[in-house]
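Chemist:
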Amino acid sequence: MEPKPYDAVVLASFGGPEGQEDVIPFLRNVTRGRGIPDERLEEVSHHYRAFGGISPINAQNRALKQALEAELARRGIELPVLWGNRNWAPFIADTFREAYDAGHRRVLAVSTSAYSCYSSCRQYREDFGMALLETGLDGKLEVDKVRQYFDHPGFVEPFVEGVAAGLATVRAELAAKGEPDAPVHIMFATHSIPIGDAEAAGPRGVEFDGGSAYVAQHLATAQAVLDRVPEAAGADWSLVYQSRSGAPHIPWLEPDINDALQELPAKGTKGVVIVPLGFVSDHMEVVWDLDTEALQTCAELGLAATRVPTPGVHRRFVEGLVDLVCERTVENNIADRPALTKLGPWMDVCMPNCCANRRGEKPTVAGIDSTVGTGAK
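Okay, so the sequence shown: first residue is 132 according to this note's numbering, each after it adds one.
1. What is the C-beta distance between C481 and G498, in whole angstroms, given that I count them as a contact (C-beta under 8 Å)?
2. By the 10 Å Cβ neighbour count, where 16 or more other Cβ atoms means buried, how is T472 classified, buried or exposed?
3. Per the DSSP calculation, P325 is bridged to which residue(s)?
4. Determine the extent of the beta strand (DSSP E) in which D367 is found, giving its start and end residues.
5. Can you check whether the CB of A198 is closer than 8 Å to the CB of V444?
6. Expressed to the nearest angstrom, what Euclidean distance is found between the alpha-carbon atoms of V346 and N463?
7. Please classify V337 as buried or exposed, where buried requires at least 16 neighbouring CB atoms within 10 angstroms.
8. Relative to the alpha-carbon of A364, which residue among G377, A230 and V294 has its alpha-carbon at the smallest distance?
9. Taking a contact to mean a Cβ-Cβ separation below 8 Å, would you say F290 touches L408 in this structure?
10. Using the DSSP secondary-structure output, state which residues sit across from I405 in a beta bridge.
11. Within the segment 259-325, note down every full beta strand (DSSP E) run reaching 3 residues or more, in order along the chain.
12. Which residues in the same chain as D138 place their Cβ atom closer than 6 Å to its Cβ, once the five residues preceding and following it in sequence are excluded?
13. Could you pull out every residue in the same chain whose Cβ sits closer than 7 Å to the Cβ of I208, ignoring the five residues on either side in sequence?
14. Answer with buried or exposed for K276, where buried requires no fewer than 16 other C-beta atoms within 10 angstroms of its C-beta.
15. Should the segment 374-381 be called in touch with the segment 252-260, which here means at least 3 C-beta pairs below 8 Å?
16. So what's R446 in DSSP terms, helix, strand or just coil?
17. Determine the burial state of Q348: buried for a count of at least 16 other Cβ atoms within 10 Å of its Cβ, exposed for fewer.
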């Protein structure tokens, strides 16, 4: 897409509860339309309950918003940053109202999801489209979205740094046990999704490694990280999945990280570096599924283990997000579109039925076939 004179940035994210009384209403929002009773929601709320009903994600997004504002100011770029969530306050619709009331007419969204699949790309585009219709702002507020940034240097480089440090930590622990040359496995973890959603990820008619854009992007990004960590040369590595939910009869991407960990000792592996490659920040899926469950599995198996940090507010990640904004703006434009894999740079505007919604079509922004979010009519 040609650069435009955007007048605000919207940071869009998943949202999370901020107290015990928020947990069930939040989970109702997440599962809206699926007919799941509160009793079942309470059964799956334990990881939130264990942390006082507070998800880390909102605090992390507040910190990211402040970091983006600081980086924009450092560059002398006068673009306000607003924040809106899919499933908890501040909601995207309210953020759009705030933007319009403040006089903004053309906004550029940055989501906290780097990869391509329904839930991490198209659903945000639907959220924006539905919010414009709900607020009556369609035709008054133009909304676009930056490209998926799975292989942007700003996203990859924090993981490069983290993997190098993680390998040093695990190898030092093994050396202290008298096993300095013991094999160490690098395990890249991401959110599992239904296989049907994986197969529907990305543009239609394109063959991807692993059968989908979602899997291919993770595999390519993992390789891009390893290629930049000399200490990882020759190490075994794998892509695993976590945070599966939903009906047990529906197939999801596998292997689950805990199942994969169980297989390592028989291969002679003594240490593991867990890399949360699918995640932008240390939200609940990271602190529960990795820091609690996966690291507990490692302890039970006698594996020396560490978990690499997510990008969070790492300087390079924040700079990278601002670079993505500048790719799309008229002022302070960055013409270069860096990508560290052969899959990128990803598209600014999605193809028809890209990351298809298998449950039924909804209005979307930022697509070739979008009919909402295009500005004044």
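Where is the CB? At the ideal position from N, CA and C, for every residue including glycine.
Modeler: Straight from the coordinates:
1. Going by Cβ atoms, the distance from C481 to G498 rounds to 4 Å, so yes, they are a contact pair.
2. Of the residues assessed, T472 falls on the buried side of the cut-off, its CB having 16 or more other CB atoms within 10 angstroms.
3. W383, per the DSSP bridge assignment.
4. It spans D367 to Q373 - the beta strand (DSSP E) in which D367 sits, taken as one unbroken run.
5. In this structure, V444 lies near A198, with their beta-carbon atoms less than 8 Å apart.
6. The straight-line gap from Cα to Cα measures roughly 34 Å.
7. By the neighbour-count rule (16 or more Cβ atoms within 10 Å), V337 is not buried but exposed.
8. Its Cα nearest to that of A364, the residue V294 stands out among G377, A230 and V294.
9. Remark: C-beta atoms of F290 and L408 approach each other more closely than 8 Å.
10. Residue pairing for I405: DSSP places it in a beta bridge opposite M318 and R438.
11. Secondary structure remark: continuous beta strand (DSSP E) runs of at least 3 residues inside the segment 259-325, in chain order: 273-276 and 315-322.
12. So the list reads H235 and R237, once near-sequence residues are dropped.
13. Once the five neighbours on either side are set aside, the close Cβ partners of I208 are N463.
14. With a 10 Å radius around the Cβ and a threshold of 16 neighbouring Cβ atoms, K276 comes out buried.
15. In short, these stretches do not touch, since the Cβ pair count stays below three.
16. Correct three-state label for R446: helix.
17. Counting Cβ neighbours within 10 Å, Q348 comes out buried, since at least 16 surround it.
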